[in-house]
Amino acid sequence: MELLQLLFGGVANGCIYGLVALGFVLIYKASEGVNFAQGDMMMLGAFIALGFGNADQMGWPFFLAVPAAMACMFGVGWGIERVFVRRIFGQPQFALVILTIALGFVLRFVAGSIWGYTPLVLETPFSGVNFYFGGVVLGAADLVTILVTAVLTLLLWAFFAFTRVGLAAQAASQNQMAAYIVGVPVMRLNGLIWGLSGVVATVAGVLYATKGAIDPNIGLLGIKAFAAAVIGGMGSLPGALLGGLLIGIVEPLAGRYAPGEFAQMSPYIIMLVVLVTRPGGLFSQIQMKKV
Amino acid sequence: MRIVFKTTYDRDIDIHEHWGKRGAYLALLAVMAVLPFLVGEYYLAEATNTLIWSLAGMGLMVLVGHTGQVSLGHAAFLAIGAYTDAALMTAGVPFLVSFPLAGIAAGLFGALIAIPAVRMSGIYLAIATLAVFVIVEEMVILLSPITGGVGGIFAPTIEILGISFDRYAELANLYWLVLAVVVLVTWGYANLMRSPTGRSFLAVRDSEVSARALGINVTRTRALAFGLSSGVTGLAGALMGHYIGFFNYELFSIFISINLLLVVTIGGLGFIQGAFLGAILITAVPQAIAIFRDWANASLGVDLGGIPGLDTMIFSAVLIAFIIYEPAGLYGRWLKIRTWWELFPLARKDMFRRQKSYLKTERMR
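For the record, the sequence lines run as chains A and B.
For the first sequence, the working numbering begins at 1 and goes up steadily by one.
For the second sequence, the working numbering begins at 1 and goes up steadily by one.
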């Protein structure tokens, strides 16, 4: 029973890691860049939802506040691409890594200046609601998390697999020049994808906030989500979700059955093992570079 | 405009193009050597700190600037160096033995990490080093009998041949020790970069495929660069431990890794001088901010101390500005200015224009 409980909590946590990882993968799939500020975008999304929704702030109803926050974060993501990322178009990959790390600090500073550094709680309709199922406690927040994650992953997968825009984004990531030549608006597409990843980050942030208090430093969760994305193989949406679930499940199990600091280290150990044995991740898309 | 006429190959690969440049560096070295007689305690301590940061910056520069591999976990090697040195000295090993051992320990650990890590490219390597950093940080807490765990550890006072290098009592001695280490490492580094090994680093950075085609063992080269880089960073860590005096795992946070990246990018990737310029910036800016804050408080009545995280914010803004407007960093900017003066009426705006490259993926499916 205890094991089942741990598993359930792990899956719900894993879904959040998976969602943040989805944000990484989105940007990676479209522009082969890695957005290290994804965790901080998640944090900002949660705070904007809190700013709209909480009674002592704007006091909008929850189901209005969340879409509003998503719209805001679409703007933030799009704006980051428009103002910063586009300027370093054509520079080596790690330029984007350093740029986004710095942007993460800026976002953290912005959130800290507006909402302060003390933890705040987002008011949601399903906080504190529990279902009892044969001795296992199922939190409504956890159930919602799992459901939303599943739906969102399916939607994004369908977006990349079937829609014209999604296919164009994939084409742009494989060969920008060739994509330009066949008429793909690469720049505009990148903006759209960054906006989209802002929306996914908001969803992840709101779901994270349903489980506890948030402060500007929760963005550090992004590092764990990163491990998830890598385990799945950076370019694969289902892989990212799976990686997130794996980390989410292993973490509480290691905390319960393994000694000391292992729970903290376990995501990274798994990641290193995966990287050593399968350098491209479990759903690898990288092959030997040819001339 | 001076025209350097090169008649031999040795002349071509000389570190300094002509005696004017060599003289400038010798003059700088002379000023640095007599610095303790020129400035007060406070500025001497800052200079020592800057030198230690330059050493760590050089460590990362080998990797990022000259071999083209990004590491987000170099604080781990600083930590390994600092803890190895402090633990060995506590056990009674003299500094002259424990200091190189600290470097070797960090270097070996780095090489050990590098063997799987170098198979990955770009972004994967960055993430793997981040993971290594987190694991090392937890290990430091786990190994509390050696490292003092959360509580921390004292770095014993250095003593060589009866001369004390105490951080507070004999700051000038410590400064000279650090300066000597930095000069030696810089000299070795500059010479390494004109040897076949150093040139193979550059070849691997510029194009892995063509380096392989030229017969360079890419894996070995990258692992070597990683080992060297972490070794030098380990040395810097050991010195940093002595400079701080008392430290625990929190000294080597993820922010230190990011600051190190800042040092090499703002300083100028691919230039040894860049590590020094970056280190000067990173140690001077917090002081400048503190001075400005006091001034704003006193004369304008604005309390900037009430805004937490302002320092990091300013650093981030500077970093973003550099990445967008001057990717070659401070030293790159200086090179442009110098070239402009050297060629005076003939310099053109397009001389330093970067070539745009378009992305081609390594994913095949």
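In this text, a Cβ means the ideal position worked out from N, Cα and C, and glycines have one as well.
In this structure, DSSP gives residue 164(B) an extended state, which the three-state scheme calls strand. For residue 76(A), there is no enclosing beta strand (DSSP E); the residue is part of the alpha helix (DSSP H) that begins and ends at 62-83. At a beta-carbon threshold of 7 Å, the residues of chain B lying near residue 271(A) are 131, ordered along the chain. If you draw a 10 Å sphere on the C-beta of residue 204(B), you find 16 or more other C-beta atoms in it, and that means buried. Chain A has no Cβ within less than 7 Å of the Cβ of residue 153(B). Taking the Cα positions, residue 165(A) is about 27 Å away from residue 282(A). Under a criterion of Cβ atoms nearer than 7 Å, the residues of chain B adjacent to residue 268(A) are, in order, 131, 134 and 135. Taking the Cβ atoms as the reference, residue 238(B) lies roughly 11 Å from residue 77(B), outside the contact range of under 8 Å.
DSSP, read as helix, strand or coil, puts residue 314(B) in helix. In this structure, DSSP gives residue 35(A) a state outside helix and strand, which the three-state scheme calls coil.
Cβ proximity to chain B below 7 Å picks out nothing from the region 240-254 of chain A.
Residue environment for residue 21(B): exposed (fewer than 16 other C-beta atoms within 10 angstroms of its C-beta). In the structure shown, the three-state DSSP call for residue 264(B) is helix.
Note that the C-beta distance between residue 45(A) and residue 73(A) is below 7 Å. Contact note: residue 87(A) reaches chain B through 323, 324 and 325, using a C-beta cutoff of 9 Å and chain order. Following the DSSP letters along the chain, one finds residue 136(A) in no alpha helix (DSSP H) but inside the beta strand (DSSP E) bounded by residues 136-139. Proximity of residue 102(A) to chain B, defined by a Cβ-Cβ separation below 7 Å, is satisfied.
Per DSSP, residue 252(B) is not a residue of any beta strand (DSSP E), being assigned neither H nor E. At least one CB atom of chain B sits nearer than 7 Å to the CB of residue 34(A). At a cut-off of 7 Å between beta-carbon atoms, residue 250(B) makes no contact with chain A. Against chain A, a Cβ distance below 8 Å from residue 240(B) picks out nothing, because the smallest value is about 22 Å. Fully contained in the region 4-71 of chain B are the following alpha helix (DSSP H) runs of length 4 or more, in chain order: 9-12, 19-33, 35-38 and 41-61. Contacts with chain A at 7 Å (Cβ-Cβ) include residue 70(B). In the DSSP assignment, residue 243(B) is bridged to no other residue. Between residue 228(A) and residue 17(A) a beta carbon distance of about 5 Å is seen, short of the 8 Å cut, so the two are scored as contacting. Here residue 118(A) is not near residue 36(A), since their CB atoms are 7 Å or more apart.
For residue 33(A) and residue 182(B), the gap between their C-alpha atoms comes out near 36 Å. Residue 60(A) and residue 209(A) have their C-alpha atoms roughly 17 Å apart.
Here residue 275(B) really is in contact with residue 58(B); their C-beta atoms are around 5 Å apart, less than 8 Å.
Between the C-alpha atoms of residue 135(B) and residue 269(A) there is a straight-line separation of about 8 Å. Listed along the chain, the chain B residues whose CB falls inside 8 Å of the CB of residue 20(A) amount to none; the nearest CB is some 14 Å away. The Cβ-Cβ distance between residue 72(B) and residue 130(B) falls below 7 Å. The CB of residue 41(A) never comes closer than 8 Å to any CB in chain B; the least such distance is about 15 Å. For residue 100(B), no chain A residue has a C-beta closer than 8 Å to its own C-beta; the minimum C-beta separation is roughly 29 Å. By a beta-carbon distance limit of 8 Å, residue 23(A) contacts residue 200(A). Their separation comes to about 5 Å. Excluding five sequence positions before and after residue 8(A), the CB atoms of its chain that fall closer than 8 Å to its own CB belong to 136, 138 and 142, given in chain order.
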